[in-house]
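*Asks:*
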Amino acid sequence: MRHVLHVVSRRPTARIAGWVAGPTEGVVGMSRTLRARTLALAAAVAAMLAAGIPAASGSDEGGSGELIRTAGQEASVVEVLLPGVDELDRLVGTGVDLDHNVSRSAEGIVARAVVTPSEAAALETRGFELGDVVWSQDTADARIAEREETIAEHVEANEAFEAAAYDEATPADVSDVKIIRADYFTSFGQGFLSVEAKWAQGQTSNQQLTVERDSGPGTAFGSGGTQNIGRFVDAGVYLYHRGADDVATRPDRIRIVSPTGDIAIATVEDWLPLPGEDPSESPYFTDFITSYMTPTELYDRIHQLADEFPSLAEIVELPYETNGYRRKAQALLDPVGNRLQVDSPSAAAGEYVYAAASFGPAVPAAGLSGSFALGDDGVDAPNDGCEPLVGFPAGSIALVDRGTCNFTVKTLNAQAAGAIAAVIVNNVPGAPTSPGGNAPGITIPTVMISLADGTLLKTSLPASGRLLPGIPISNNARVGVDSLAWGHEGGNDLSIEAVDPGAPNSPLSVTVNGNHIMVSLGTNAAGARTSTAAQVRDAINASPAASQLVFAYTYRGSSGTGIAPPSPRRNLSDFLSAPDTVSREPQPVYAIRIGKHRDGSRMGVLAYAQEHAREWVPPLVAIEAAERLLRNYAHDGQTKQLLNNLDIWIAPSINPDGGHYSFYDFASQRRNMTRHCAVTGVYDLNGRNAWGVDNNRNYTEFSLFDGYDGASTSCTSDVFAGPSELSEPENKNLDWLAARPNMTFSMNLHSSGNYFMWSPGAYRLPGRIPAPRPTLEEESFFWGASARILTAIKEHRGMSVTPARTGPISDVLYSAAGNSGDMLWYKYGIYAWNFEVGQQFQPPFEDPDITEPSAHQEAMEFANGLVELMRVAYDFENDHQRPTSSLKVTPSSTGGMVNVEFVVSEPAAVFYELDGDRPTLGSTLYASAGIREGGELLTVPTGTTVNWFSVDSAGNVEKNYKPDGSGTNFNTATVG
Ligand SMILES: [Zn+2]
Numbered sequence: 019m020r021h022v023l024h025v026v027s028r029r030p031t032a033r034i035a036g037w038v039a040g041p042t043e044g045v046v047g048m049s050r051t052l053r054a055r056t057l058a059l060a061a062a063v064a065a066m067l068a069a070g071i072p073a074a075s076g077s078d079e080g081g082s083g084e085l086i087r088t089a090g091q092e093a094s095v096v097e098v099l100l101p102g103v104d105e106l107d108r109l110v111g112t113g114v115d116l117d118h119n120v121s122r123s124a125e126g127i128v129a130r131a132v133v134t135p136s137e138a139a140a141l142e143t144r145g146f147e148l149g150d151v152v153w154s155q156d157t158a159d160a161r162i163a164e165r166e167e168t169i170a171e172h173v174e175a176n177e178a179f180e181a182a183a184y185d186e187a188t189p190a191d192v193s194d195v196k197i198i199r200a201d202y203f204t205s206f207g208q209g210f211l212s213v214e215a216k217w218a219q220g221q222t223s224n225q226q227l228t229v230e231r232d233s234g235p236g237t238a239f240g241s242g243g244t245q246n247i248g249r250f251v252d253a254g255v256y257l258y259h260r261g262a263d264d265v266a267t268r269p270d271r272i273r274i275v276s277p278t279g280d281i282a283i284a285t286v287e288d289w290l291p292l293p294g295e296d297p298s299e300s301p302y303f304t305d306f307i308t309s310y311m312t313p314t315e316l317y318d319r320i321h322q323l324a325d326e327f328p329s330l331a332e333i334v335e336l337p338y339e340t341n342g343y344r345r346k347a348q349a350l351l352d353p354v355g356n357r358l359q360v361d362s363p364s365a366a367a368g369e370y371v372y373a374a375a376s377f378g379p380a381v382p383a384a385g386l387s388g389s390f391a392l393g394d395d396g397v398d399a400p401n402d403g404c405e406p407l408v409g410f411p412a413g414s415i416a417l418v419d420r421g422t423c424n425f426t427v428k429t430l431n432a433q434a435a436g437a438i439a440a441v442i443v444n445n446v447p448g449a450p451t452s453p454g455g456n457a458p459g460i461t462i463p464t465v466m467i468s469l470a471d472g473t474l475l476k477t478s479l480p481a482s483g484r485l486l487p488g489i490p491i492s493n494n495a496r497v498g499v500d501s502l503a504w505g506h507e508g509g510n511d512l513s514i515e516a517v518d519p520g521a522p523n524s525p526l527s528v529t530v531n532g533n534h535i536m537v538s539l540g541t542n543a544a545g546a547r548t549s550t551a552a553q554v555r556d557a558i559n560a561s562p563a564a565s566q567l568v569f570a571y572t573y574r575g576s577s578g579t580g581i582a583p584p585s586p587r588r589n590l591s592d593f594l595s596a597p598d599t600v601s602r603e604p605q606p607v608y609a610i611r612i613g614k615h616r617d618g619s620r621m622g623v624l625a626y627a628q629e630h631a632r633e634w635v636p637p638l639v640a641i642e643a644a645e646r647l648l649r650n651y652a653h654d655g656q657t658k659q660l661l662n663n664l665d666i667w668i669a670p671s672i673n674p675d676g677g678h679y680s681f682y683d684f685a686s687q688r689r690n691m692t693r694h695c696a697v698t699g700v701y702d703l704n705g706r707n708a709w710g711v712d713n714n715r716n717y718t719e720f721s722l723f724d725g726y727d728g729a730s731t732s733c734t735s736d737v738f739a740g741p742s743e744l745s746e747p748e749n750k751n752l753d754w755l756a757a758r759p760n761m762t763f764s765m766n767l768h769s770s771g772n773y774f775m776w777s778p779g780a781y782r783l784p785g786r787i788p789a790p791r792p793t794l795e796e797e798s799f800f801w802g803a804s805a806r807i808l809t810a811i812k813e814h815r816g817m818s819v820t821p822a823r824t825g826p827i828s829d830v831l832y833s834a835a836g837n838s839g840d841m842l843w844y845k846y847g848i849y850a851w852n853f854e855v856g857q858q859f860q861p862p863f864e865d866p867d868i869t870e871p872s873a874h875q876e877a878m879e880f881a882n883g884l885v886e887l888m889r890v891a892y893d894f895e896n897d898h899q900r901p902t903s904s905l906k907v908t909p910s911s912t913g914g915m916v917n918v919e920f921v922v923s924e925p926a927a928v929f930y931e932l933d934g935d936r937p938t939l940g941s942t943l944y945a946s947a948g949i950r951e952g953g954e955l956l957t958v959p960t961g962t963t964v965n966w967f968s969v970d971s972a973g974n975v976e977k978n979y980k981p982d983g984s985g986t987n988f989n990t991a992t993v994g
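Numbering-wise, the numbering used here puts 825 at position 807 of the sequence shown, and it's gapless, one number per residue.
1. Rounded to whole angstroms, how far is the Cβ of Phe327 from the Cβ of Leu648, which I believe are closer than 8 Å?
2. State yes or no: is the C-beta of Ser136 within less than 8 Å of the C-beta of Ser492?
3. From Thr599 to Asp318, what distance separates their C-alpha atoms?
4. Here's the rule I'm using: 16 or more other beta-carbon atoms within 10 Å means buried, otherwise exposed. How should Val517 be labelled?
5. Under 7 Å: does the beta carbon of Asn714 sit that close to some heavy atom of ligand 1?
6. Where do the ends of the alpha helix (DSSP H) carrying Glu886 lie?
7. For the stretch 763-780 against the stretch 628-643, do three or more pairs of beta-carbon atoms, one drawn from each stretch, fall closer than 8 Å, so that the two count as touching?
8. Can you give the Cα-Cα distance for Val25 and Leu887, rounded to whole angstroms?
9. If you draw a straight line from the alpha carbon of Val993 to that of Glu931, how long is it in whole angstroms?
10. Could you tell me whether any non-hydrogen atom of ligand 1 is closer than 7 Å to the CB of Glu633?
11. Threshold first: 3 residues or longer. Then list the beta strand (DSSP E) segments lying entirely within the stretch 794-869, N to C.
12. Among Asn510, Arg357 and Ala384, which one has its Cα closest to the Cα of Val371?
13. From which residue to which residue does the beta strand (DSSP E) around Ser585 run?
14. Hey, Gln348 and Asp665 are a contact pair by Cβ (cut 8 Å); roughly how many whole angstroms apart?
15. Hey, out of Ala380, Trp153 and Leu211, whose CA is closest to Pro490's CA?
16. Run through DSSP, which three-state label would Thr340 get?
17. Below 8 Å on the Cβ atoms is my guess for Asn494 versus Thr548; work out the distance and round it to an integer in Å.
18. On the three-pair Cβ rule with 8 Å, is the stretch 477-484 touching the stretch 148-168?
19. Distance, Cα to Cα, Thr473 vs Val443?
20. My output table needs one value for Pro313: the three-state DSSP class, helix, strand or coil.
21. Taking the straight line between their C-alpha atoms, what separation do you get for Ser223 and Asn760?
22. Terminal residues of the continuous alpha helix (DSSP H) containing Gly677?
23. Classify Asn772 as helix, strand or coil using the three-state DSSP reduction.
24. Which residue marks the beginning of the alpha helix (DSSP H) containing Leu227, and which one marks its end?
25. Restricting to Cα atoms, I'd like to know which of Glu105, Glu174, Tyr849 and Glu166 is closest to Val128.
26. Counting pairs of beta carbons, one from the stretch 456-463 and one from the stretch 402-412, are three or more of them closer than 8 Å?
27. Taking 8 Å as the threshold, find out whether the stretch 675-687 comes into contact with the stretch 350-366 through three or more Cβ pairs.
28. Compute every distance between the C-beta of Glu629 and the non-hydrogen atoms of ligand 1, then say whether any falls below 7 Å.
29. Using only the alpha-carbon positions, how far apart do Ser309 and Cys695 sit?
30. In the DSSP output, what is Asn246 paired with across the bridge?
31. Going by other Cβ atoms of all chains shown within 10 Å of its Cβ, with 16 needed for buried, is His615 buried or exposed?
32. For Glu746, which three-state DSSP category applies?
33. Nearest-angstrom Cα distance between Ala627 and Gly220?
34. Any chance the stretch 713-722 sits against the stretch 577-594, with 3 or more Cβ pairs inside 8 Å?
35. Please state whether DSSP places Val427 in a helix, a strand or coil.
36. Is Ala93 near Thr134, with beta carbons less than 8 Å apart?
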């Protein structure tokens, strides 16, 4: 593997060599195959069902044991402890949401599932053992807070800058432009000037700034030429203008005249290399990210890059718009719900909504009355209830703040102090969520109220009041409504209520007043309500006025025979909380195309990220790599070589709707936002976090529809394959990208787990029958190129992607039917890799300990790997060196026989004949003996004549032999 193991190292001090493939994991490859990349397999969904994948939920009544994610419950990442691969397959077969992290050890397998408390209970019901909680909603909240703090700091710095000033040209206290840096350096004898400058209007104006150079000390501005610098905007906040350009002479000073006429002047400095770097080596600019970015911000960034480097890059709008970050507004005609009442004369007197915990007893039907009292534990944040309470008046209702410790710890501390109930005050804005957890010995109810309500109550003590449970309702008495208009187009303005007329023999009626729909329930002669849910549904849908506004349905396929209860006024909502800066329209998906020749004449390389919405780090890898390519082109020879010879496509967010939903609504969102559930299924607002197609299961090769494992037909499964292959616009876009004739390499950027994988990515059960394995030649190339890419990753901070996490997806992770890597490889013949970046979906952006998970460090190291992939592609295109090969002959334990192996000088396929015939491409292909075991051992009779030749990954044939000709310059040997 000579030619693929040299690593291009720009940072010798950080270089760590010696990555070695590990031993076999003991999983047996089932077949060796030729180039059968476009196998058509009969659809066999039945096999899927037989393998334990749940059928689509048709008439689910929300019963226990269902793996359905209910809105209002938060999701956590929980370990699932498995004794072996069969149990892993069974777990995958449940359709549960697994993250990309599977650890294998002698004790067994630890997978990680993203589950709500009810989903966790359902897994335990199915006999799975759960381990530690490794991530919870609090983690995501902290990430959002960190991001907002960073953005606020940038805004503050901008404001400070507007007040400050610098230079002799325009007085310091009024100048609106400041030069931050002006650095001169040379590379291969060519001089370059890099400039960073800040302009006070940079946030609101997208104008470039023009830098005028002098041509040496005492010369005029402009005599050395000019260069433009563009805005650097991160996460929507302008930071400064920047840019580098080649210069004929070293300028002494530069001048920038801002668009308002203010003038900044600066003296040019010599660029100083960092310690340990070769001062004769030109700088290689890195590190262009400062915080997590939403899809809107990612697209803004690549547009800015394309604007700044028009000769090197352009934006391509992919042909399919997504369905958009938008939903219909919804409501349920449910009776009065859980209430916390506060009595007068407290300033907080009134009624508030609470969410009941999933653990401990429920609030009794008669309610629980008492005084409200702070649960003071006297330590740190004294009201978090994480330590035993101090001076708590027994018999009271304890008020404790969310945070720092588990909900169950707070409840147990309150209970020990004699509280009759625990009320947890949320620590983030918005509706309260159901506290989850599991602890024996809890005897008092636990509820959560919103931050706003709780803050009011805490500041209005003393107060007394009560907790009252909601009036229960059976699902067959429930009615749901959806607005016909999208939420943002009027649906959110609608409201509905159902009233008991309080008089006998009243007819069921529906009236509309403006945006308000009033249902008056029917009664009998005794004045009792008689309207069923089905009748209410039909009355709404039959009302000419109401049916212009909404569509009504019974709950999850119920026949609706229950008597519908009165319902307080319900405001319909789409429950979308992103700011207006996030478009609610169908979303164009963008890629940035980078290269000097963007006409299809150069080899295509594709990187794409965020198929899975909650994976926030991979898009940063994409952006960092794009910036490195563009900002180093002018002065870095290797970068220039890449851009001059490759056609690079980088799509930072394939699934922008899901991405926005993950940032603003539900951090654990994996899929797109599209509801495919039927009106008879999980269609109502409680299901809104359970909808969407897993974009990485909706592709065309070895999919669920072909009978492969690791995807679900259930619209609520987090591995829902969609209604059909390529049903989703996100998937059609990737298919369009992959279909470009010059596309040759790709990288699918996911998180987490620090994996590096390729096809096959799916197998069939039973028997774990995989999609066809790559040929030995191809797999050799995958392994050889991987060694280079993983070494580049390691150069950043020494992090190793382990051999156990390198290899075909279905070997090192689990089956993932219909994934994109398999489509690119089998359908289009693209060398398709998959990164699983980092250790968490949403690690802290920064961590002071460089060995800890951090989005910043992970993006930097995997950007190294992505740029190295570009170099692999370049070398692949430019590899004209023919492989060489030889025979290795060893004694056999069988008399009269010898063992034969082929040894090749680089990743190459070997075709051979043992009967003296001339070898051709139709001859036997020398195969790997199994996963990771290298070439197979052939046992042949002593005296056998072996004829063979080899072909490398770039198609170079050994000795320029013509397999389809008549020449005899193949290799030949008689063994014995
Ligand atoms: Zn993923």
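All residues carry an ideal CB built from backbone N, CA and C; glycine is no exception.
*Replies:* Taking the structure as given:
1. To locate residue 327, count along the sequence shown from 1; it is residue 309. To locate residue 648, count along the sequence shown from 1; it is residue 630. About 5 Å; that satisfies the 8 Å criterion.
2. As a working note, residue 136 is residue 118 in the sequence shown. As a working note, residue 492 is residue 474 in the sequence shown. For Ser136 and Ser492, no; Cβs fall outside 8 Å.
3. Taking the sequence shown and counting its residues from 1, the one referred to as residue 599 is at position 581. Taking the sequence shown and counting its residues from 1, the one referred to as residue 318 is at position 300. If I take the Cα positions, the gap works out to 12 Å.
4. Locating residue 517 in the sequence shown gives position 499, where the first residue counts as 1. Burial call: exposed.
5. The count along the sequence shown starts at 1 and reaches residue 714 at position 696. Answer for Asn714: yes, Cβ within range of ligand 1.
6. Position 868 of the sequence shown holds residue 886. In the DSSP assignment, Glu886 falls within the unbroken alpha helix (DSSP H) covering Ala873 to Glu895.
7. The stretch 763-780, when compared against the stretch 628-643, does touch it at the 8 Å Cβ threshold.
8. As a working note, residue 25 is residue 7 in the sequence shown. As a working note, residue 887 is residue 869 in the sequence shown. For Val25, the predicted model reports a pLDDT of 26, less than 50, meaning its position is unreliable; a value from the coordinates is still stated below. About 11 Å.
9. Walking along the sequence shown from the start, residue 993 turns up at place 975. Walking along the sequence shown from the start, residue 931 turns up at place 913. Using only the alpha carbons, I get a separation of about 13 Å.
10. Your numbering for residue 633 matches position 615 in the sequence shown. Yes, the beta carbon of Glu633 sits closer than 7 Å to at least one heavy atom of ligand 1.
11. Runs found: 824-826 and 849-854.
12. Residue 371 sits at position 353 when you count from the first residue of the sequence shown. Per the Cα distances, Arg357.
13. Along the sequence shown, read from residue 1 onward, the residue named residue 585 stands at position 567. First-last of the beta strand (DSSP E) with Ser585: Ser585 to Asn589.
14. Counting from 1 along the sequence shown, the entry for residue 348 is found at position 330. Counting from 1 along the sequence shown, the entry for residue 665 is found at position 647. Here Gln348 is actually not in contact with Asp665; their C-beta atoms are around 45 Å apart, not less than 8 Å.
15. Reading the sequence shown from its first residue, position 472 is the one you call residue 490. Just measuring C-alpha positions, the residue of Ala380, Trp153 and Leu211 sitting nearest Pro490 is Ala380.
16. The count along the sequence shown starts at 1 and reaches residue 340 at position 322. The three-state reading of DSSP puts Thr340 in coil, since its state is none of H, G, I, E or B.
17. Residue mapping note: residue 494 aligns to position 476 of the sequence shown, counting from 1. Residue mapping note: residue 548 aligns to position 530 of the sequence shown, counting from 1. Actually they do not touch by this definition, with Cβ atoms about 15 Å apart.
18. Too few Cβ pairs lie closer than 8 Å, so no.
19. The residue you call residue 473 lines up with position 455 of the sequence shown. The residue you call residue 443 lines up with position 425 of the sequence shown. About 8 Å.
20. Working through the sequence shown from its first residue, we reach residue 313 at position 295. Residue state, collapsed to three classes: helix.
21. Here residue 223 refers to the residue found at position 205 of the sequence shown. Here residue 760 refers to the residue found at position 742 of the sequence shown. So the two alpha carbons sit approximately 38 Å from each other.
22. Translated into the one-based positions of the sequence shown, residue 677 becomes position 659. For Gly677, the enclosing alpha helix (DSSP H) covers residues Pro674 to Tyr682.
23. Numbered from 1 along the sequence shown, position 754 holds the residue referred to as residue 772. Asn772 falls in the coil class under three-state DSSP.
24. Along the sequence shown, one-based indexing puts residue 227 at 209. Segment Leu227 to Arg231 is the beta strand (DSSP E) holding Leu227; no alpha helix (DSSP H) there.
25. Working through the sequence shown from its first residue, we reach residue 128 at position 110. When only C-alpha atoms are compared, the closest one is Glu105.
26. The count of Cβ pairs closer than 8 Å, one atom from the stretch 456-463 and one from the stretch 402-412, stays below three, leaving the stretches out of contact.
27. In short, these stretches do not touch, since the Cβ pair count stays below three.
28. Taking the sequence shown and counting its residues from 1, one reaches residue 629 at position 611. Yes - ligand 1 has a heavy atom lying nearer than 7 Å to the Cβ of Glu629.
29. Taking the sequence shown and counting its residues from 1, one reaches residue 309 at position 291. Taking the sequence shown and counting its residues from 1, one reaches residue 695 at position 677. For Ser309 and Cys695, the gap between their C-alpha atoms comes out near 35 Å.
30. Residue numbering aside, residue 246 sits at position 228 when the sequence shown is read from its first letter. Beta bridge pairing from DSSP links Asn246 with Thr228.
31. As a working mapping, residue 615 is identified with position 597 in the sequence shown. By the neighbour-count rule (16 or more Cβ atoms within 10 Å), His615 is not buried but exposed.
32. The residue given as residue 746 occupies position 728 in the sequence shown. In the structure shown, Glu746 falls within a coil segment according to DSSP collapsed to helix, strand and coil.
33. Position 609 of the sequence shown, counted from the start, is the residue given in the question as residue 627. Position 202 of the sequence shown, counted from the start, is the residue given in the question as residue 220. Between Ala627 and Gly220, the C-alpha separation is close to 29 Å.
34. At 8 Å Cβ cutoff, the stretches do not touch.
35. Within the sequence shown, residue 427 is the residue found at index 409, counting from 1. Secondary structure of Val427 (DSSP, three-state): helix.
36. In the sequence shown, residue 93 corresponds to position 75, counting from 1. In the sequence shown, residue 134 corresponds to position 116, counting from 1. Closer than 8 Å, so yes.
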